[in-house]
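Asker: Residue numbers (my numbering): 2 to 208. Here's a structure for you.
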Ligand SMILES: [Zn+2]
């Protein structure tokens, strides 16, 4: 059985990689995310193609099991970051068949976001427009926080951020739900980004 050993050369076969990922359970997040991180590092070092990572993720979603819940974030992240045009058709076919999940962001929302991210990459658009459209979490988005405002009565945080890639500026409103926060993105004046539908409710310092 393959173990997620740091520094070991990863297998380049998507089926074997998925077996290794599932074997990294049952300690849900840690073992699996460490394995995915090691794959990402191997990709960054040129040892593993992004397309192979996307293949593993697609295979995971296509063979989804009851105990795979924690893996979808890794899978949809890998597809969002590395998916290619050939992944679009199977993802579009797969999305309506995925079940909703309690306690985490819905698989189907994350797959829709991955589809949009792949489309944007093919068309040469920046990923921040995709993050805005799909209410993506702020932390991994590649945006720099320029200012933040905490509404201590409502516990709503509004961030003013700037995309590190294209320079678009956004107001991102974070609301803490029972299991996970939600994020509403609105383009700020002077931004090159498009204005998404449904602006955030509170934007205290938005220009
Ligand atoms: Zn951008």
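Here a beta-carbon is modelled for each residue, glycine too, at the ideal position from N, C-alpha and C. Just so we're clear, the structure is a prediction, and the values are computed from it rather than from any experiment.
(1) Check residue 91 in the structure and name its three-state DSSP category.
(2) How is residue 3 classed by DSSP in three states: helix, strand or coil?
(3) Spatial neighbours of residue 76 within its chain, please: CB distance less than 7 Å, with the 5 preceding and 5 following residues excluded, ordered by chain position.
(4) Within the present structure, is the beta-carbon of residue 161 separated from the nearest heavy atom of ligand 1 by less than 7 Å?
(5) Look at the alpha carbon of residue 134 and the alpha carbon of residue 186, and state the distance between them as a whole number of angstroms.
(6) Is it buried or exposed, residue 146, if we count other Cβ atoms within 10 angstroms and call 16 or more buried?
(7) Just curious, the beta strand (DSSP E) that residue 174 is in, first and last residue?
(8) Which residues are close to ligand 1, meaning CB closer than 5 Å to any heavy atom, in chain order?
(9) Going by the C-beta, is residue 123 closer than 7 Å to any heavy atom of ligand 2?
(10) Could you give the first and the last residue of the continuous alpha helix (DSSP H) run that contains residue 100?
(11) Counting only runs that start and end within the region 106-130, where is the alpha helix (DSSP H) found for 4 or more residues in a row?
(12) Would you please state the rounded distance, in angstroms, between the beta carbons of residue 99 and residue 80? I believe it to be under 8 Å.
(13) Where DSSP assigns a beta bridge to residue 164, which residues make up the other side?
(14) So which of 121, 21 and 25 has the shortest CA-CA distance to residue 83?
(15) Classify residue 85 as helix, strand or coil using the three-state DSSP reduction.
(16) Quick one: Cα of residue 19 to Cα of residue 45, how far?
(17) What number of angstroms, rounded off, separates the C-alpha of residue 13 from the C-alpha of residue 189?
Answerer: This is what the structure gives:
(1) helix
(2) For residue 3, the predicted structure reports a pLDDT of 44, less than 50, and the residue's modelled location is therefore unreliable. The matter cannot be settled from this model.
(3) 58, 61 and 62
(4) no
(5) 7 Å
(6) exposed
(7) 170-177
(8) 127, 129, 164, 166, 167 and 169
(9) Questions concerning ligand 2 fall outside what the structure shown contains, since the ligands it does hold are ligand 1.
(10) Taken as a continuous stretch (DSSP letters only), residue 100 belongs to no alpha helix (DSSP H), as it is neither H nor E.
(11) 108-124
(12) About 13 Å separates the two Cβ atoms, so there is no contact after all.
(13) 144
(14) 121
(15) coil
(16) 19 Å
(17) 43 Å
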